[in-house]
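**Student:**
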Amino acid sequence: MCLAIPALIKSIDKNHEAEVDMGGIARRISLRLTPEAEVGDYVIVHTGYAINILDQQEALETLKLFEQLAQAAQEEH
Amino acid sequence: MKFLSEFRDSALAKGVISQIHHRSKMSARFMEFCGGHTVTIFRYGIRQALPETIEMLSGPGCPVCVTATADLDKAIALAQVPDVIIATFGDMLKVPGSFSSLQQTKAEGADVRMVYSTMDAVRMAEENPDKRVVFLGIGFETTAPTIAASVLQAEEKRLENYTVLSLHKLCPPVIKTLLDSGEVRLDGLICPGHVSAVIGSTAWEFVARDYGIPCVVSGFEPLDVLQCVDMLVTQVEGQDSKVEIAYRRGVQPEGNPEALRLMDNVFEHCSAHWRGMGTIPNSGLRLRRTYQRFDADCVFDIDPGPTREPEGCICGAILRGINTPPDCNLFGKACTPVNPVGPCMVSAEGSCSAYYLYEGGNRGG
Amino acid sequence: MADEILMAHGSGGKLAHGLVQRTFVDVLDNPLLAKLDDSAVFNVSGRLAFTTDSYVVTPIFFPGGDIGKLAVCGTVNDLAMSGACPLYLSLSFIIEEGFSKKDLEAVVASVKETADEAGVAIVTGDTKVVDRGSVDKLYINTAGVGTVAQNADISGENARPGDKILLSGPIGDHGIAVISKREGLSFSTQLTSDCAPLNDLVASMLKASPNIHCLRDPTRGGLATTLNELARQSQVKILIEEEQVPVREEVLAACEMLGFDPLYVANEGKLVAVVAAADAQHVLEAMRANRYGEQAVIIGEVAEGDPGRVVMKTPLGTTRIVDMLTGDLLPRIC
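Chains as they are written, first to last, in the numbering used here: chain Y, 856 to 932; chain L, 783 to 1147; chain E, 101 to 434.
Okay, structure coming up:
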C-alpha cells in the first residue's frame, strides 16, 4: 500500500505548498506534514503530500552496500 | 528516476540475492504485511530468486481489501444523496459492496469523482459551494495524516461542505490480532515502509519483544525488499529478534512527529471492523468531536441497509494468511479481475489479484 | 450564437450545408469529397483492407494531439497493421449541441494535417448534432480502405516459435499525456502523445523483409494486451525482457505516481512486429531509419510451449507472467 515516490523540491510558497519534480513531471504538493523541508530536498510523496524527507546520505550508503555485495558476488564467480 | 531506478538495478540485485543464498540455512517464513510489498514481490518474481528455505506469505495490509462491506455500502448510500459529491481514491471504485459498487452507482448517475489527493477534494468543495463533498477516507497511517491535513485546511478555509467518511485503519493492532490468533506462524515480518515513515520503526518493537519475531522495515523497490529479506535471514540465523530499518532513506525510528501530531489532533482511536477479521479494538480512526462538522458519520444520517457477504469468498482467510488464493473455489472462475467477487481480487495489491495477474490465474494457476 | 454548434447544424438544412461546406469540405479539400454525393465512387484494384473505429477520447485536446489527429492515425494504423497502403477514409462527427465552432475547426484542421502526412483523403462523411449531455463534446467514427499486396500475409495468427518481437519505440506516452490533463489527476509534463500515422514506417519495413508475420499497434490496454492477443491468436508463447522495453523517464514517473504499469498504458504511434529471426536485424534497421521508429528495439521472441502465454524476464533474472489488461487502468494510492 502507500504508493509514494521521491520528488525534488524546486520551490516552496507560503501556503506550505511546493512545486516538485518527479522524474521530469512537475506537480504541486503539500509540505504540511514536513514543514522543515527545503528547496533542494528530496521528499517522499504520497497522494500529493510529502510524508517524509528522503535521507540522501542514507540512500547513497545503501547503494554503496549493494555495490559491495555485487562486487563480492562477482568475485566469487 | 532518481532514488527509485537505482533500487531496481539488476547487477546490484544479484549481489543481495547471492548473499541471501549464502546466509539462509534454516527454513523461515516471512510475511509481508503491506500490499505494496505484495506487488513488488510478484512483479519482480522475488520468490523465484529466493532460496527454498524461505517461504513468503501475504498479510492483510491492503486497506481496500479490509474495508468492511457495511462501510462501503455506507459510501454507496451517500453517493446517492442528491447534492453529494463522493471524492475517492481510484482504488475503491470497483470494490463490490453488498449490492453495488461506487463505479456502478456512478454509472447510474451518482456524482462520484476520482481524486489523487485530498487537496483535490478540498478544492472540489471550494469550487462547488452548492454541493457537499464527502471524501472517502481509506488507508493506513500513511494516508490518514493527509486526510487530517485536509480537515485542517477545510477548517482554515471555513468550508461548510467538506466532510470525511473515516474508514482509516491502524497497522500495529491488526498485526497483534493476527499474531495473537495463533493461526499463522511467522519467523519474520517485513514491516510496511511508508506506514513506518509516519509511525516510526519503534511502533514494531512489541512484535520483536513480545512475540520474538524479527522485524525489518522495508522500502518498495525490489532491491529494498531483497535487502529486507537478507536482514531478516541474518536475524533468523543469529536467533535474534529485533526491529531494524532497511529503508533507511525513508524511515527514522521516531517516524514523522509532525504527521503524528496532525493525526492526533484530528483523529482519535476507535474500534474498527476489518473485513475477514472482525472487529478489532483501537484499530481505527474517527474524527474527534471538535471536528464533527467535518465527519460524514455525524453530518449525514445514513442507513445502508443489511449487509450481504458473497458466498464462497474466502478473502478473510487469505487476508489472515491462512489460505492462498488458489485455495478459493471462486478464484479464477467466478472471481476474476473483470468480475471480482471479493476485494482481494479488485485491489491491485490484493493477494488474489496478484496471484491472478502474475501467476496466471486465468489458466487455473 | 454563431460560435456554437446548434441542433440545426445537423439537420440537413441550410445551416447544416453551410457547416459541411465551410468546415469540412473546404478544409479537407479533395475532389471526391467536393462532389458531396451520397457515396464516394472510386476505382481500386487488388486486395482491399477495410477497417472502422470510433473515437471518444477525453479530453479532446491533449498534449501532442487531439481527437481529430487520433481518428486519422488510428484508422490509418489499423490498415497499416494489415500491411495495407491506406487510401481513403470516411469521417463521421457526432457533436454535442453547444460545442464550440472554433474547437470543431481546430479538430478538422488536425484531421487535414494528419491526413496529408499519411497521404490519405477523407472522401465521405456525416454530421449529426445531438442534445446537450448526450455525448461528451465530440465523438468521431471512421472507416478506412487500403490496398494490400496479393502475397502479403500479415496476421495475428502467424507468429511462430523462433520469431523475434520488435517494438518501434518507448511505451506509455499517449496514455500518460492524456491523463496528465484529467481533472483531479493533473500534473505538468513535457510529455506529449506519440500519436502518429505509421503507414510509412510499415511500408519501409515491408520493403526490408517479406517475412513480417504480425503487425499490431498497442493502443488501449498497452503492449501487454497486444502481446497477449498475438500469443492467443497464434497459440504460441511470447517471451520478453523487461530491461529491453523502453520507457521514458516521465512516463515511468507518472506511472509510479499513479500506480500504473507502463505495459498497460495506451500508445497511439507505436507498433509491435513479429518477424522471422533471420530478418529481424534488417527490419530493425529499416525501422530505425524512419522518424517513427528511431528507438526501435528487439524486446523478445516467440517460444515453444505454453500456448497463449506471455512471460517476462524481470531485471532480477526471474520471470513473471504478463496478462492482458482487465477492466480499466485506475490510479491507486495503495
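Backbone N, C-alpha and C fix where the C-beta goes; we use that ideal spot for every residue, glycine too.
For Val946 (chain L), which option in L:Val999, L:Gln935, L:Asp1109 has the closest C-alpha, if you only look at C-alpha atoms?
**Tutor:** Of L:Val999, L:Gln935, L:Asp1109, the residue nearest in Cα terms is L:Gln935.
**Student:** Answer with yes or no whether the minimum CB distance from Met896 (chain L) to chain E is below 9 Å.
**Tutor:** It does: the Cβ of Met896 (chain L) has a partner Cβ on chain E nearer than 9 Å.
**Student:** Counting only runs of 3+ residues fully inside the stretch 874-914 of chain Y, write out the beta strand (DSSP E) ranges in chain order.
**Tutor:** As far as the stretch 874-914 of chain Y is concerned, its whole beta strand (DSSP E) runs of at least 3 residues are 880-885, 897-901, 904-908.
**Student:** Taking 9 Å as the CB-CB limit, is Arg887 (chain Y) close to chain E?
**Tutor:** Judged by the 9 Å Cβ criterion, Arg887 (chain Y) is not in contact with chain E.
**Student:** Ignore the nearest five residues each way along the sequence and tell me which others in Gly872 (chain L)'s own chain have a CB closer than 7 Å to its CB.
**Tutor:** Only Met896 meet the Cβ criterion.
**Student:** How big is the Cα-Cα spacing for Glu205 (chain E) and Thr123 (chain E)?
**Tutor:** Looking at the two C-alpha atoms, the distance is approximately 6 Å.
**Student:** Applying the criterion that 16 or more other CB atoms from any shown protein chain within 10 Å of the CB defines a buried residue, is Met101 (chain E) buried or exposed?
**Tutor:** Model confidence at Met101 (chain E) stands at a pLDDT of 48, short of 50, so the residue's coordinates are unreliable; what they give is reported in the following sentence. Classification for Met101 (chain E): exposed.
**Student:** Comparing alpha-carbon positions, which option in E:Thr227, E:Ser288, E:Val411 lies nearest Met424 (chain E)?
**Tutor:** Nearest option by C-alpha distance: E:Val411.
**Student:** Is Glu931 (chain Y) buried or exposed, if buried means 16 or more other CB atoms sit within 10 Å of its CB?
**Tutor:** Exposed.
**Student:** With DSSP run on the structure shown, which of helix, strand or coil describes Cys973 (chain L)?
**Tutor:** Note: Cys973 (chain L) maps to strand in three-state DSSP.
**Student:** Does the Cβ of Val278 (chain E) have 16 or more other Cβ atoms within 10 Å, making it buried, or fewer, making it exposed?
**Tutor:** Val278 (chain E) is buried by the Cβ-count criterion.
**Student:** Between Thr917 (chain Y) and chain E, is the shortest Cβ-Cβ distance under 9 Å, so that the two count as touching?
**Tutor:** Closer than 9 Å: no.
**Student:** Taking Ser866 (chain Y) as part of the beta strand (DSSP E), name the residues at either end of that continuous run.
**Tutor:** First-last of the beta strand (DSSP E) with Ser866 (chain Y): 860-867.
**Student:** Examine chain A for any beta-carbon lying closer than 9 Å to the beta-carbon of Leu291 (chain E), and answer yes or no.
**Tutor:** Among the protein chains of the structure shown, namely Y, L and E, there is no chain A.
**Student:** What are the start and end residues of each continuous beta strand (DSSP E) run of 3 or more residues lying completely inside the stretch 882-918 of chain L, in chain order?
**Tutor:** Complete beta strand (DSSP E) runs here, min 3: 893-896.
**Student:** Can you check which of these residues, L:Cys816, L:Ser948, L:Phe1076, is closest to Val977 (chain L) by C-alpha distance?
**Tutor:** Answer by Cα proximity: L:Cys816.
**Student:** Of all the options E:Lys264, E:Phe199, E:Thr242, which has the alpha carbon lying nearest to the alpha carbon of Asp153 (chain E)?
**Tutor:** It is E:Thr242 whose Cα lies nearest to the Cα of Asp153 (chain E).
**Student:** Do we get a CB-CB distance below 9 Å when we pair Leu416 (chain E) with the residues of chain L?
**Tutor:** Yes, because at least one Cβ of chain L sits closer than 9 Å to the Cβ of Leu416 (chain E).
**Student:** Leu960 (chain L) by DSSP, collapsed to three states: which one?
**Tutor:** Reduced to three states, the DSSP call for Leu960 (chain L) is helix.
**Student:** Rounding to the nearest angstrom, what Cα-Cα distance links Val916 (chain L) and Ile908 (chain Y) in this structure?
**Tutor:** When rounded, the distance between both Cα atoms is 30 Å.
**Student:** Please name the residue, chosen from E:Val125, E:Thr418, E:Ala386, that lies closest to Met305 (chain E) on a Cα-to-Cα basis.
**Tutor:** The candidate whose alpha carbon is nearest that of Met305 (chain E) is E:Ala386.
**Student:** Suppose the cutoff is 8 Å on Cβ atoms and the five residues either side in sequence are ignored; what does the same chain contact list for Tyr155 (chain E) look like?
**Tutor:** These residues qualify, in order along the chain: Ile167, Leu170, Ala171, Gly174, Tyr239, Ile240, Asn241, Thr242.
**Student:** Mapping the DSSP letters down to three states, classify His803 (chain L) as helix, strand or coil.
**Tutor:** Reduced to three states, the DSSP call for His803 (chain L) is helix.
**Student:** For a contact defined as C-beta to C-beta under 7 Å, what are the partners of Gly287 (chain E) on chain Y?
**Tutor:** In the sequence under discussion, the amino acid at residue 287 (chain E) is Phe, which differs from the Gly named in the question. Chain Y residues near Phe287 (chain E): Ile880, Ala881, Arg882.
**Student:** Can you tell me the Cβ-Cβ gap for Pro1086 (chain L) and Ala859 (chain L), rounded? I've got them flagged as a contact below 8 Å.
**Tutor:** Yes, they are in contact, since the Cβ atoms of Pro1086 (chain L) and Ala859 (chain L) sit about 5 Å apart, within 8 Å.
**Student:** Taking all protein chains shown into account, decide if Gly1147 (chain L) is buried (16 or more other Cβ within 10 angstroms of its Cβ) or exposed.
**Tutor:** Here the model assigns Gly1147 (chain L) a pLDDT of 35, short of 50, so the residue's position is not dependable, and the following value carries that caveat. By the 10 Å Cβ count, Gly1147 (chain L) comes out exposed.
**Student:** Going along the chain, which residues of its own chain have a beta-carbon closer than 8 Å to the beta-carbon of Tyr1073 (chain L), five neighbours each way excluded?
**Tutor:** Excluding sequence neighbours, Tyr1073 (chain L) sits near Val933, Glu937, Val1048.
**Student:** Any residues in the stretch 357-391 of chain E with a beta carbon nearer than 7 Å to a beta carbon of chain Y? Which ones, in chain order?
**Tutor:** Residues Met357, Gly359.
**Student:** Report the option in E:Gly272, E:Ala259, E:Asp103 whose CA atom is closest to the CA atom of Val440 (chain E).
**Tutor:** No statement about residue 440 (chain E) is possible, as the shown extent of chain E runs from 101 to 434 and does not include it.
**Student:** Bridge partners for Val848 (chain L) per DSSP, in chain order?
**Tutor:** According to DSSP, Val848 (chain L) bridges with nothing at all.
**Student:** If contact means a Cβ-Cβ distance below 9 Å, which residues of the stretch 947-960 of chain L contact chain E?
**Tutor:** Those would be none; no residue qualifies.
**Student:** Candidates L:Glu923, L:Asp1109, L:Cys1010, L:Pro1039: which alpha carbon is nearest Ile433 (chain E)'s?
**Tutor:** Among L:Glu923, L:Asp1109, L:Cys1010, L:Pro1039, the Cα nearest to that of Ile433 (chain E) belongs to L:Glu923.
**Student:** Between L:Cys1110, L:Ala889, L:Phe789, L:Gly970, which has its C-alpha nearest Asp1022 (chain L)'s C-alpha?
**Tutor:** Taking only the C-alpha atoms, the option nearest Asp1022 (chain L) is L:Gly970.
**Student:** Answer yes if the stretch 787-802 of chain L comes into contact with the stretch 986-1004 of chain L, meaning at least three C-beta pairs across the two stretches below 8 Å, and no otherwise.
**Tutor:** Yes, since at least three Cβ pairs between the stretch 986-1004 of chain L and the stretch 787-802 of chain L fall closer than 8 Å, the two stretches touch.
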